[in-house]
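Protein chains in written order, with my numbering: chain V, 3 to 259; chain D, 533 to 842.
Inspection log for the structure reproduced underneath, given as structure tokens.
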Amino acid sequence: MLDQDPILQTRGLSVYYDTKKVVTDVNLDVARNRITSIIGPSGCGKSTLLRCFNRMNDLIPSARVEGQVMFDGLDLYGHDVDPTEIRYLIGMVFQRPNPFPKSIYDNVAFGPRINGFKGDMDELVERSLVRAAIWDEVKDRLNTSALALSGGQQQRLCIARALAVEPRVILMDEPCSALDPIATLAIEELMRELSEDYSIIIVTHNMQQAARVSHYTAFLMVEEARVGFMVEFGESRQIFTNPEDERTEAYITGRFG
Amino acid sequence: MAKNPVGPPLGQGARNAWKRMATERAIAALLFLSTFLSVLITIGIVAVLLFEAITFFADVSVFEFLSGTRWTPLFSSKQFGVLALVAGTTLTAVMAMVVALPLGLLSAVYLSEYAPNGVRKVVKPILEVLAGIPTVVYGYFALLFVTPILRSISGDISVFNALSASIVMGIMILPMVSSLSEDAMRAVPRTLREGAYALGSTKLEVSTLVVVPAALSGIVSAFILAVSRAIGETMIVTIAAGQNPTFTLNPFVPIETMTAYIVQVSQGDAPAGSIEFKTIFAVALLLFVITLVMNLLSQFVVSRFREEYE
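See below:
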């Protein structure tokens, strides 16, 4: 389906909370240096699916994952895989900005420090903040609290924090849902720039956003019998203009969800 | 218009409305009185302390009281250096915190970050039972159980000593430190933890680098409240630490704390109105001021350093 070798691939991926299945048998290919969006109605398992890619579901005691997630040929759920190592190759940005109650500088330096970064920290912090398009706004107050920033700035700071560990994939879980339209545009612009160097997966409620920023789109759905199954996957242009499945069409034209 | 309106139709309800308002006012007045009563009692206590202490300071200068290191009001050669008592209180409180802080913090980190739900549900109430044990029990536990063990380790330790009382006092305030610290840690939003995990943190790194710093204001205020509890603690030190006002930091010898002194005089036969009798008001006033400062400090720390999360 992709015209390239995917960076992430799921095969027969299902997730259970206790005995309840919330993601059902998903086979998804994620393109390298592209933006892939996951859309679908509330409760369709989008976020849970996203959290399989950096094993964040491990933090929920009742969660159980079946199937495979391959990252450049490595099975992320293999026996000898340490989830903490995966998480600095596959970074994450959350629904609400969640900067640590520390200075702006310490927020960005957090990841490199715990991962034993030995190089020039000032340079790395600056580079990450520049990359996240927030450097000019914060360069004069790197030592002030990150909590004093606006929501949009906090979210870009969180992106800078994720970039500082030099991941290869960035997962974004509705990164703009707590932001105003202007801050949302800034983040979308940033995502486009970042996709030159990073592979990005974004979960979003906002179909216009998925259509605007993403190269590929996966549509997940929930039905009475099945929860969190993938209805359709393809280039965003095709999904949003000429979907193959009528359920996709119904969803993107606003007939449900 | 609704078919079945709740209550009487407008107009006919006027009499009921008056009744309701009267009830509301009576309840508000009752609630105000009960609140005001406790404020009044507090003011009364402070007033009595102040009044008696002022008559004491007519005989003994404040400077002599606060700077002297010998405390012998019950002897014929009377000296009123309260520092001997303050030293006893400080020594026991500090050593109690040496026991309670690390243990309390570690158990709070365990309960908040590591313990599975089932374990926490069992352990936390058990820990809190420690807070419900009468302090007199702790006192005899110190004197009859801990002290003999300490004395078997070192012959230099007296029957009454600050060390034994402090250790047991530390155990007594442990649940307070751990419970309040744990509350502060659990109030740290889950999203902060996830943010740290998403950067490749281990559980230990999440706990020590994110959760504890984010909860620091709560932890510090728990600590200060525990110190003020240790300073005011009476029974354990009265039973196990001795009645020898000594200006020393040696934990092996008998000492006397401010609280234990107050007990000693209140039980003794110092005639009301005598200078011996008045000393306890002066000591109590000082004790009150110290714990008041501690509590204000704790409130200041919480309001000044609390991080506002959405």
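Just so you know, even glycine gets a beta-carbon here, dropped at the ideal spot from N, CA and C.
Checklist entry - Just curious, the beta strand (DSSP E) that residue 204 (chain V) is in, first and last residue? => result Here the beta strand (DSSP E) through residue 204 (chain V) covers 201 to 205.
Checklist entry - Does DSSP put residue 246 (chain V) in a helix, in a strand, or in coil? => result It is coil, neither helix nor strand.
Checklist entry - Using the beta-carbon of each residue, which ones in chain D are nearer than 8 Å to residue 163 (chain V)? => result Residues of chain D passing the Cβ test: 727 and 731.
Checklist entry - In or out: residue 629 (chain D) buried (at least 16 other Cβ within 10 Å) or exposed? => result Residue 629 (chain D) is buried by the Cβ-count criterion.
Item to check | Cross-chain neighbours of residue 87 (chain V) in chain D, by beta carbon under 8 Å | outcome: Chain D residues near residue 87 (chain V): 732.
Checklist entry - For the stretch 731 to 751 of chain D, which residues have a CB atom closer than 8 Å to at least one CB atom of chain V, in sequence order? => result Those residues of the stretch 731 to 751 of chain D placed with their C-beta closer than 8 Å to a C-beta in chain V are 731, 732, 733, 734, 737, 741, 742, 745 and 746, ordered along the chain.
Next on the checklist: My assumption, with CB atoms under 8 Å, is that residue 158 (chain V) sits in contact with residue 134 (chain V). Please give the rounded CB distance.
Outcome noted: About 5 Å separates the two Cβ atoms, so the contact holds.
Checklist entry - For the candidate residues D:555, D:800 and D:766, whose alpha-carbon lies nearest to that of residue 667 (chain D)? => result Closest by alpha carbon: D:766.
Item to check | Cβ-based burial, residue 230 (chain V) [other Cβ within 10 Å; buried from 16] | outcome: In the assembly as shown, residue 230 (chain V) is a buried residue. Its beta-carbon has 16 or more other beta-carbons within 10 Å.
Next on the checklist: Which residue marks the beginning of the alpha helix (DSSP H) containing residue 653 (chain D), and which one marks its end?
Outcome noted: From DSSP, the alpha helix (DSSP H) with residue 653 (chain D) extends over 649 to 661.
Checklist entry - Exposed or buried, residue 100 (chain V), counting other C-beta atoms within 10 Å across all chains shown (16 or more means buried)? => result It counts as buried.
Item to check | Nearest-angstrom Cα separation, counted from residue 66 (chain V) out to residue 842 (chain D) | outcome: With a pLDDT of only 46 at residue 842 (chain D), under 50, the local geometry of the prediction cannot be trusted, and no value is derived from it.
Next on the checklist: Give me, in chain order, the residues of the same chain whose beta-carbon lies closer than 7 Å to that of residue 678 (chain D); leave out the 5 immediate sequence neighbours on both sides.
Outcome noted: 696, 699 and 700.
Item to check | Neighbourhood of residue 217 (chain V) by C-beta, 8 Å cutoff - its chain only, sequence neighbours within 5 removed | outcome: For residue 217 (chain V), the CB contacts under 8 Å within the same chain, skipping 5 residues up- and downstream, are 33, 36, 37, 38, 197, 237 and 238 in chain order.
Next on the checklist: According to DSSP, simplified to helix, strand and coil, what is residue 41 (chain V)?
Outcome noted: The three-state secondary structure of residue 41 (chain V), taken from DSSP, is strand.
Next on the checklist: Runs of 4 residues minimum, wholly inside the stretch 48 to 93 of chain V: which ones carry the alpha helix (DSSP H) assignment?
Outcome noted: Counting only runs that start and end inside the stretch 48 to 93 of chain V, the alpha helix (DSSP H) elements of at least 4 residues fall at 48 to 52 and 85 to 91.
Item to check | Cβ-based neighbour list, residue 803 (chain D), same chain, cut-off 7 Å, excluding 5 preceding and 5 following | outcome: 809.
Checklist entry - Apart from the five residues just before and just after residue 797 (chain D), which ones in its own chain have a Cβ nearer than 6 Å to its Cβ? => result So the list reads 812, once near-sequence residues are dropped.
Checklist entry - Listing by chain order, which chain V residues have their CB less than 7 Å from the CB of residue 723 (chain D)? => result Correct list: 96, 98 and 100.
Item to check | Closest residue to residue 657 (chain D) among D:687, D:710, D:681 and D:552 (Cα-Cα distance) | outcome: Comparing Cα positions, the closest option is D:710.
Item to check | Neighbouring residues, chain D, relative to residue 90 (chain V) (Cβ below 7 Å) | outcome: Going along chain D in sequence order, the residues near residue 90 (chain V) (Cβ under 7 Å) are 731 and 732.
Checklist entry - With DSSP run on the structure shown, which of helix, strand or coil describes residue 11 (chain V)? => result Here residue 11 (chain V) sits in strand by DSSP.
Item to check | Whole alpha helix (DSSP H) elements within the stretch 160 to 217 of chain V, 4-residue minimum | outcome: Fully enclosed alpha helix (DSSP H) runs of 4 or longer: 183 to 196 and 209 to 215.
Next on the checklist: Tell me the rounded alpha-carbon separation between residue 606 (chain D) and residue 788 (chain D).
Outcome noted: In a straight line, the C-alpha of residue 606 (chain D) is about 14 Å away from that of residue 788 (chain D).
Next on the checklist: Please report the straight-line C-alpha distance between residue 627 (chain D) and residue 764 (chain D), rounded to a whole angstrom.
Outcome noted: Each residue's CA atom was taken as its position, placing residue 627 (chain D) and residue 764 (chain D) some 14 Å apart.
Checklist entry - Do residue 760 (chain D) and the ligand MN come close, with the Cβ less than 7 Å from some heavy atom? => result The ligand MN is absent from the structure shown, which contains no ligands of any kind.
Item to check | Pairwise C-alpha distance: residue 184 (chain V) and residue 577 (chain D) | outcome: So the two alpha carbons sit approximately 60 Å from each other.
Checklist entry - Would you say residue 61 (chain V) reaches chain D, if we count a Cβ-Cβ gap shorter than 8 Å as a contact? => result At least one chain D Cβ lies under 8 Å of residue 61 (chain V).
Next on the checklist: The beta strand (DSSP E) that contains residue 237 (chain V), what's its start and end?
Outcome noted: Bounds of the beta strand (DSSP E) holding residue 237 (chain V) are 229 to 237.
Checklist entry - Under 8 Å between the Cβ atoms of residue 130 (chain V) and residue 103 (chain V)? => result Against a cut-off of 8 Å, the Cβ pair of residue 103 (chain V) and residue 130 (chain V) comes out as no contact.
Item to check | Buried or exposed by the 16-neighbour rule on C-beta atoms within 10 Å, applied to residue 22 (chain V) | outcome: In summary, residue 22 (chain V) is exposed, with fewer than 16 beta-carbon neighbours lying within 10 Å of its beta-carbon over all protein chains present.
Checklist entry - So, is the C-beta of residue 167 (chain V) closer than 8 Å to a C-beta in chain D? => result Cβ-Cβ to chain D under 8 Å: yes for residue 167 (chain V).
Checklist entry - Just the Cα atoms here: how many angstroms apart are residue 209 (chain V) and residue 95 (chain V)? => result Cα-Cα distance, rounded: 19 Å.
Checklist entry - Applying the criterion that 16 or more other CB atoms from any shown protein chain within 10 Å of the CB defines a buried residue, is residue 550 (chain D) buried or exposed? => result It counts as exposed.
Next on the checklist: So for residue 549 (chain D), helix, strand or coil by DSSP?
Outcome noted: Helix.
Checklist entry - Who pairs with residue 340 (chain V) in a beta bridge, going by DSSP? => result In this structure chain V extends from 3 to 259, so residue 340 (chain V) is not present and cannot be described.
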